[in-house]
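Here the structure comes first, spelled out in structure tokens, and everything after it is commentary.
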Amino acid sequence: MKAFQIGSQQGLDALTATTRPEPIAGPGQAIVAPRLVSLISRDVQILRGTYGPRQLPERIPMSEGVGEVIAVGEGVSQVKPGDRVICGHFSSWLQGEFRSSVFAHDVGVTHDGWLAEKVVLPAAALIHVPDALADKDVAALASAGLTAWNALMEVCKVKPGELVLCLGTGGVALAALKLARLHGARVAITSSSDEKLEIARQLGADITINYRTHPDWAAQVMALSDNAGADIIIETGGQDTLGQSIAAAAVNGRIAVIGVTPGQRSPIPDYLSLILKNVTIRGIANGSREMFVDLIRAIEANGIETVVARTFKFAEAPEAYAYFAAAQHIGKVLIEFEQG
């Protein structure tokens, strides 16, 4: 089968086309033929060697997508050939509280991912896609969508009328914007681009702040919220932005820290405000299969659609990575496979 591998992990050029033997489903496994897959930030970080320990050069990347089951192994009854499915990238986290062992089976990192004509996945982790949902609306959920759901619904317990601040206009921020609005919250969002902020307004953002025009964006959040601050902050900027996130937080605010921002080491900033406002900071590591099922139900019931920036063909995967890494887009960058 055709595939791409991560190679030397010394830059985007490390992504290499290759061929592999046809996979065979072992006990408890399913073979899935990808239909549409989605790039996320860590896909680029892995190629650049900045996402934790380097992986084997032959690792097949990409952690989220939608595909069709084409074969199952012994003992599999949850899915059958012909089923359209998705899978969380922590494929052993089926339900319950987070545990550190989920990192041992991370699709696209520790185990081969979606950027191949076939991917072997644990059948127990697969989720059936409702017929009402298009491929484009489920292919990009396993990372950004599920993480945003965990942050807002499971950890921060968003309530109607609360103000949710999303940093940037990346996948997690846009997913959080839509989910927060769905649950009756107001949304503030930041970006360096007025064009991206206009799209965010069209998606329902109540407050938009250009952080180049307003470097002290926390002060803008306070000013535009009658000095109340944000009840929930989707913190995707890393340690460089954490100080302002604490400053922008409301009393009893909750900050959900998401994503790996490499090369940054500093003490917790604005320590006193953290105490005086009783702010909670919580790291978010994706989510469970059980949460993913809840997310899919919410999307199906409310008709939430994915914003797509551009779709590439499978053979154009290197171009897709370059386009994504340039960070000039808003919405998901997808890679499409030929069917049949």
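Number 224 in UniProt numbering belongs to position 224 of the sequence shown; there are no gaps in the numbering.
Note that the Cβ used here is the ideal one computed from N, Cα and C, for glycine as well.
For clarity, every value in this text was computed on a predicted model and none was experimentally measured.
So which of Thr311, Tyr321, Ala322, Val293 has the shortest CA-CA distance to Thr147? Across the set Thr311, Tyr321, Ala322, Val293, the C-alpha of Val293 shows the shortest separation from the C-alpha of Thr147.
Pop quiz: Pro122 and Gln29 are said to be a contact at Cβ under 8 angstroms. What is the actual Cβ separation, rounded to whole angstroms? Taking 8 angstroms as the upper bound for CB-CB distance, Pro122 and Gln29 are in contact here, some 6 angstroms apart.
For Ala250, which three-state DSSP category applies? In the three-state scheme derived from DSSP, where H, G and I count as helix and E and B as strand, Ala250 is classed as strand.
Can you give me the C-alpha to C-alpha distance between Gln244 and Pro81, rounded to a whole angstrom? Whole-angstrom Cα-Cα distance: 50 angstroms.
In chain order, what residues of the same chain have a beta carbon less than 6 angstroms from the beta carbon of Asp135, not counting five sequence neighbours either side? By the criterion of a C-beta distance shorter than 6 angstroms, Asp135 is surrounded in its chain by Arg35, Leu36, Val66, once the five residues flanking it on both sides are discounted.
Pick from Asp43, Glu97, Thr19 that is closest to Asp335, judged by C-alpha positions: Sequence inspection shows Ile at residue 335; the Asp mentioned does not correspond to that position. By alpha-carbon distance to Ile335, the top candidate from Asp43, Glu97, Thr19 is Asp43.
Measure the C-alpha to C-alpha separation of Val120 and Pro53 and round it to an integer number of angstroms. Cα atoms of Val120 and Pro53: separation of roughly 23 angstroms, rounded to the nearest angstrom.
What do you get for Glu319, buried or exposed, if any count of 16 or more other CB atoms within 10 angstroms of its CB means buried? Exposed, because fewer than 16 other Cβ atoms sit within 10 Å of the Cβ of Glu319.
Return the residue from the list Ala247, Gly238, Asp216, Glu235 that minimises the CA-CA distance to Gly229. Looking at the Cα atoms, Ala247 is the closest of the given residues.
Note down, in chain order, each residue of its chain lying with its Cβ closer than 8 angstroms to the Cβ of His105, except the 5 sequence neighbours on either side. Phe90, Ser91, Ser92, His111, Pro122, listed in sequence order.
Hey, which unbroken runs of the alpha helix (DSSP H) at 4 residues or more fall wholly within the segment 126–192? Secondary structure remark: continuous alpha helix (DSSP H) runs of at least 4 residues inside the segment 126–192, in chain order: 146–149, 171–182.
What does a CB cutoff of less than 8 angstroms around Lys178 pick up in its chain, not counting 5 residues either side in sequence? Taken in chain order, the residues that qualify are Leu203, Gly204, Ile304.
Gly331 versus Val307 - alpha carbon distance: Straight-line spacing of the CA atoms in Gly331 and Val307 works out to 5 angstroms.
Could you check whether Val164 and Asp270 sit closer than 9 angstroms to each other, using their CB atoms as the reference points? Against a cut-off of 9 angstroms, the Cβ pair of Val164 and Asp270 comes out as no contact.
Looking at the structure shown, is Ser273 part of a helix, part of a strand, or coil, going by DSSP? If DSSP states are grouped into helix, strand and coil, Ser273 belongs with the helices.
Note the first and the last residue of the continuous alpha helix (DSSP H) segment covering Gln328. Looking at the DSSP string, Gln328 is not in any alpha helix (DSSP H), and its letter there is neither H nor E.
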